[in-house]
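Asker:
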Amino acid sequence: MATERLRFAPEMLARLGEELIPHPDLGIVELARNSYDADAESCEVRLQNVGEPGGTIVVSDVGDGMTLESIRDGFLLLGRSAKVEDAVTAGGRRKVGEKGLGRLAALRLGRSAIVRTRPTVEPQREHVVRIDWERYDKATAIEEVGLDVITRETDELPGTTIEIRDLRAPLTDADVRRLARSLVMLTGPFPDKSDDFSVVLHAPEFSELQRVVEAGFFEAAHYVLKATLDENGQAAAYLVDGTGTIIASGDHFAVASASEMGNHSGYLAPPAELEVWMFNRTKPSFSTQMTPALRKAYLAWLDEVGGVHFYQRGLRVHPYGDRGYDWLDMNVLQKRNPEERPGTNNSVGRLKVVSDNGTLVPKTDRSGFVENMAFMELKEFVRAALEWAADVRLQRRDKRKIEEKKKTREKVKETHDRVDAALKLVPESVRPLVQQAVRDDRAAMEERLEVVENDLMLYRTLSTVGTTTAVFAHETLRPVDTIEQMVGSIATRGERALGGERFASLLADPVELIKKSAASLQTFAELPLALLKQRKRKWRDVDVNLIVQDIVESFDPYFSDARVSVSTDLAEDPPALVRSTIASVEAILANFLANSVATFTSPQNQSPERVIVVRTETSQDFVTLGVLDSGPGITNISKEDVWKPGKSTRNEGTGMGLTIVRDIVLDLKGQVWAIEHGELGGAEFYVSFPRIAPS
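The sequence shown begins at 1 in full-length UniProt numbering and counts up by one.
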């Protein structure tokens, strides 16, 4: 009977290395984590000519080094970590390394790697391993290639130096910046950060980023949430204001009740600590004067370190807290109550887990943890704590509003009483005239107040619609991503199974249609989220032409799906600058465009020619924005009534869109008008704003 063994082709190294872990920073960070496990006080990363192929990356530390046994059974053994779960180093650290696949990805960045290690237990001895990846590429199986370990004398201190030579591909500026951020954030920017381990990247990007991150504006926080989860799964939290005063505390029942899941029995998760510093981007809680330079540094710091980061055994876990990775859906929830809920750009937080007894399982590609029961319960604890803090802040806000309304009513009554008292001092001969004038003024004020209250009710309704839209839009992005990935997989497998020609005749058109439909869905989902961004609601000098170009480009899949041709005719001299918010101009244009497309696709008006022109005109005093289309025009309603609430040219229309446009333009001291049948045969809608000169 013959005995055989499983063998692995050299291609498996690529599958487990660079293909599994595509970003170079993840592998290099894994080497830094190995330095932490070796009880090193510091780790240095040097980049030499990495902007072009053939460069070198050197990672070195002054830790405990590796013995021959450690090299054989740990460093060179891939797929199984030599570290026992929750094992503690000689220096008292809990080990963080896993599986070695990140290490493999880092070593394979170059065509060769040299590992020099000097174990503490073997003074003045160094073990050297050279890995030549070309030898593996030429071999039939991985196990055919032997690795010699050379032992020699040395005067260097204990530690390990890894040289990754002859880089296969250059590191781009984005790669280096990503690496710099990963290393800066590895130990965190927090005020109580331990100084027993540090990482230094010798690159300008690292020094620049380190200056931003270590500026530390934690004292500017308006609120700080602190929550704990004990070994029995019981949560507790308290909220501190900017002066350090505890304004609320909650036990497990209070915290768990704030979440929709209401986990009252306890969380099946490892013990954890949560801290979230909550800021106001426009009004930080500084004790010193807010200079322009200080404001710039403050905002740059928030942009760089914002979000809730995950720290396991002292080191940060990617990708939690990365830019664009809102793992707690904070930004979606923030849209419910923007002024009282933290988002990723106005809060800095950390979730600390020291001992998890193996319940948190890292993903093989090092992109966080497997979403098992322990992780999901831990995530739910964080969300419940954030929700509890939001409830506390909302209650405080509502209490303030009630007090403010009461004070306002008292002021109005005092004012009326003073006026009535003053009327008694008016000569009797003119008193009736003055009293009538006062009554007329009060009646006019009541009418004005009624109009404002009606507008308030309208916009409360619209804000509810907008919030709901944002939530659904965010949730829509996930299945859209899945659809895009699956249709790509179907296309690849279909071509492989059927062959190019047969696939083209049977499946190419349906697959392409699914891709286009998914792109349209993505546009519908991303646009509301883009329109709701907080930065777009700030007053500033706005270039209308730039907004037109951006919106038309964003709507492109929408136009394509509706078979609408859109062009722009933009005046450039003088510049189309107005004093407004980006969101206001976007809302106007989005309403106009959506109305035009809706008329084209309405069952009653299937126009064969579907053309839209977006036009701007400028004069010394005004900027005019117009949308012209080739649809049926304005029918069954006057051009004056289209701007009124509840009036619409379509049966399925809400009658709110153009009312919003009118109100926005009036607030901007502008004008609105419409033409029933214009240049292209269809409707034309225009707004004009006061133009401002470039500053």
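Virtual Cβ for every residue (Gly too), placed ideally from N, Cα, C. Note that this is a predicted model, so its numbers are computed, not measured.
(1) Are the beta-carbon atoms belonging to D629 and S602 less than 8 angstroms from one another?
(2) So, is P119 buried or exposed, given that buried needs 16 or more other C-beta atoms within 10 angstroms?
(3) Apart from the five residues on each side of it in sequence, which residues of its chain come closer than 7 angstroms, Cβ to Cβ, to V480?
(4) With three or more C-beta pairs closer than 8 angstroms as the rule, is the segment 488 to 504 touching the segment 543 to 550?
(5) Is L668 closer than 8 angstroms to S584 when the C-beta atoms are compared?
(6) What is the DSSP secondary structure of M330, counted as helix, strand or coil?
(7) May I have the straight-line CA-CA distance separating P690 from D556, to the nearest angstrom?
(8) What are the start and end residues of each continuous beta strand (DSSP E) run of 3 or more residues lying completely inside the segment 235 to 278, in chain order?
(9) Around the Cβ of N636, are there at least 16 other Cβ atoms within 10 angstroms (buried) or fewer (exposed)?
(10) When the Cα of W350 is compared with those of A598, T228, F592, R94, which residue comes out closest?
(11) Taking C-beta to C-beta, are A220 and S265 nearer than 8 angstroms?
(12) On a CA-only basis, which of F559, T161, T151 is nearest A40? Give me that one, please.
(13) Going by C-alpha distance, which of L577, S638, I28, V392 is nearest G250?
(14) Between the beta-carbon of L394 and the beta-carbon of N337, is there less than 8 angstroms?
(15) Verify whether the separation of the beta carbon atoms of V29 and L186 is less than 8 angstroms.
(16) Express the C-alpha separation of D192 and E371 in angstroms, rounding to a whole number.
(17) How long is the line joining the alpha carbons of T151 and V128, rounded to whole angstroms?
(18) Provide the residue(s) that pair with L351 in DSSP beta bridges, ordered along the chain.
(19) For A258, which of V382, K405, D137, K401 has the nearest alpha-carbon?
(20) Taking contact to mean at least 3 C-beta pairs separated by less than 8 angstroms, is the segment 230 to 241 in contact with the segment 305 to 324?
(21) When you compare only the Cα positions, how much space is there between S42 and V199?
(22) Taking the continuous alpha helix (DSSP H) assigned at E617, which residues delimit it?
(23) Nearest-angstrom Cα distance between V451 and L360?
(24) To the nearest angstrom, how far is it from the Cα of K83 to the Cα of S70?
(25) Answer yes if the segment 314 to 323 comes into contact with the segment 264 to 281, meaning at least three C-beta pairs across the two stretches below 8 angstroms, and no otherwise.
(26) So, for R615: in the same chain, excluding its five sequence neighbours on each side, which residues have a beta-carbon less than 7 angstroms away from its beta-carbon?
(27) Can you list, in chain order, the residues of its chain whose CB lies under 8 angstroms from that of E153, leaving out five sequence neighbours each side?
(28) Just verifying my parser: in three-state terms, what is the DSSP assignment at Y558?
(29) A594 by DSSP, collapsed to three states: which one?
(30) Taking V281 as the reference, which of G306, A374, E260 has the closest Cα?
(31) Ignoring anything shorter than 3 residues or poking outside the segment 484 to 551, list the beta strand (DSSP E) runs there in chain order.
(32) Are there 16 or more other CB atoms within 10 angstroms of the CB of G79, so buried, or fewer, so exposed?
(33) Would DSSP call residue 768 helix, strand or coil?
(34) For P8, which residues does DSSP report across the bridge?
(35) Does the distance from the CB of A374 to the CB of A269 come in under 8 angstroms?
(36) Excluding sequence positions up to five away, which residues of its chain have a Cβ less than 6 angstroms from the Cβ of K406?
Answerer: On the basis of the coordinates in this document:
(1) Translated into positions along the sequence shown, residue 629 becomes position 629. Translated into positions along the sequence shown, residue 602 becomes position 602. No, Cβ-Cβ distance for D629 and S602 is not below 8 angstroms.
(2) Along the sequence shown, read from residue 1 onward, the residue named residue 119 stands at position 119. With a 10 Å radius around the Cβ and a threshold of 16 neighbouring Cβ atoms, P119 comes out buried.
(3) Locating residue 480 in the sequence shown gives position 480, counting from the first residue. Excluding residues within five positions, the ones whose Cβ falls inside 7 angstroms are A518, L521, Q522, A525.
(4) A contact between stretches requires three or more CB pairs, one per stretch, nearer than 8 angstroms, and the segment 543 to 550 fails this requirement with the segment 488 to 504.
(5) Numbered from its first residue, the sequence shown carries residue 584 at position 584. Numbered from its first residue, the sequence shown carries residue 668 at position 668. Yes, they are a contact pair.
(6) For the purposes of this step, residue 330 is taken as residue 330 along the sequence shown, with counting starting at 1. It is helical.
(7) Counting from 1 along the sequence shown, the entry for residue 690 is found at position 690. Counting from 1 along the sequence shown, the entry for residue 556 is found at position 556. If you draw a straight line from the Cα of P690 to the Cα of D556, it is about 29 angstroms long.
(8) Within the segment 235 to 278, the complete beta strand (DSSP E) runs of at least 3 residues are 235 to 241, 246 to 250, 272 to 278.
(9) Here the question's residue 636 lines up with position 636 in the sequence shown. Under this definition N636 is an exposed residue.
(10) As a working mapping, residue 350 is identified with position 350 in the sequence shown. The sequence as given places Arg at residue 350; Trp does not occur at that position. The candidate whose alpha carbon is nearest that of R350 is T228.
(11) As a position in the sequence shown, residue 220 is number 220, starting the count at 1. As a position in the sequence shown, residue 265 is number 265, starting the count at 1. No, they are not a contact pair.
(12) Your numbering for residue 40 matches position 40 in the sequence shown. Selected option, being the one with the closest Cα: T161.
(13) Indexing the sequence shown from 1 puts residue 250 at position 250. Closest by alpha carbon: V392.
(14) In the sequence shown, residue 394 corresponds to position 394, counting from 1. In the sequence shown, residue 337 corresponds to position 337, counting from 1. Contact flag set, yes.
(15) Within the sequence shown, numbered from 1, the residue matching residue 29 stands at position 29. Within the sequence shown, numbered from 1, the residue matching residue 186 stands at position 186. Contact flag set, yes.
(16) Along the sequence shown, read from residue 1 onward, the residue named residue 371 stands at position 371. Along the sequence shown, read from residue 1 onward, the residue named residue 192 stands at position 192. Pairing E371 with D192, the inter-Cα distance amounts to about 29 angstroms.
(17) Stepping through the sequence shown from its first residue, residue 151 is reached at position 151. Stepping through the sequence shown from its first residue, residue 128 is reached at position 128. Straight-line Cα distance between these residues: approximately 6 angstroms.
(18) One-based indexing of the sequence shown puts residue 351 at position 351. Its beta-bridge partners are L274, F310.
(19) Here residue 258 is taken as the residue at index 258 of the sequence shown, counted from 1. Among V382, K405, D137, K401, the Cα nearest to that of A258 belongs to V382.
(20) The answer is no - the segment 305 to 324 does not touch the segment 230 to 241, with fewer than three Cβ pairs under 8 angstroms.
(21) Within the sequence shown, the letter at position 42 stands for residue 42. Within the sequence shown, the letter at position 199 stands for residue 199. Computed Cα separation, rounded: 6 angstroms.
(22) For the purposes of this step, residue 617 is identified with residue 617 of the sequence shown, where counting begins at 1. First-last for E617: 611 to 618, but that is the beta strand (DSSP E), not the alpha helix (DSSP H).
(23) Working through the sequence shown from its first residue, we reach residue 451 at position 451. Working through the sequence shown from its first residue, we reach residue 360 at position 360. C-alpha separation (whole angstroms): 57 angstroms.
(24) Counting from 1 along the sequence shown, the entry for residue 83 is found at position 83. Counting from 1 along the sequence shown, the entry for residue 70 is found at position 70. In this prediction, K83 has a pLDDT of 46, which is less than 50 and means its spatial position is unreliable; what the coordinates show is noted afterwards. Computed Cα separation, rounded: 11 angstroms.
(25) Result no; under three Cβ-Cβ pairs closer than 8 angstroms.
(26) Counting from 1 along the sequence shown, the entry for residue 615 is found at position 615. Beyond the five residues adjoining it in sequence on each side, R615 comes within less than 7 angstroms, by CB distance, of D569, G626, L628 in the same chain, given in chain order.
(27) The sequence position of residue 153 within the sequence shown is 153, counting from 1. Within the same chain, E153 has close Cβ partners Q124, R125, E126.
(28) Numbered from 1 along the sequence shown, position 558 holds the residue referred to as residue 558. Here Y558 sits in helix by DSSP.
(29) One-based indexing of the sequence shown puts residue 594 at position 594. Note: A594 maps to helix in three-state DSSP.
(30) Taking the first residue of the sequence shown as 1, we reach residue 281 at position 281. Reading off the sequence shown, one finds Arg at residue 281, where the question assumed Val. The candidate whose alpha carbon is nearest that of R281 is G306.
(31) The qualifying runs are 540 to 543.
(32) Working through the sequence shown from its first residue, we reach residue 79 at position 79. Sixteen is the threshold: since fewer than 16 other Cβ atoms of the shown chains lie within 10 Å of the Cβ of G79, the residue is exposed.
(33) Not covered by the structure: residue 768. The range shown for the chain is 1 to 695.
(34) Locating residue 8 in the sequence shown gives position 8, where the first residue counts as 1. According to the sequence provided, residue 8 is Phe. The question's Pro does not apply to it. Beta-bridge partners assigned by DSSP to F8: none are found.
(35) Counting from one through the sequence shown, the residue named residue 374 turns up at place 374. Counting from one through the sequence shown, the residue named residue 269 turns up at place 269. Yes.
(36) For the purposes of this step, residue 406 is taken as the residue at position 406 of the sequence shown. Contacts found: none.
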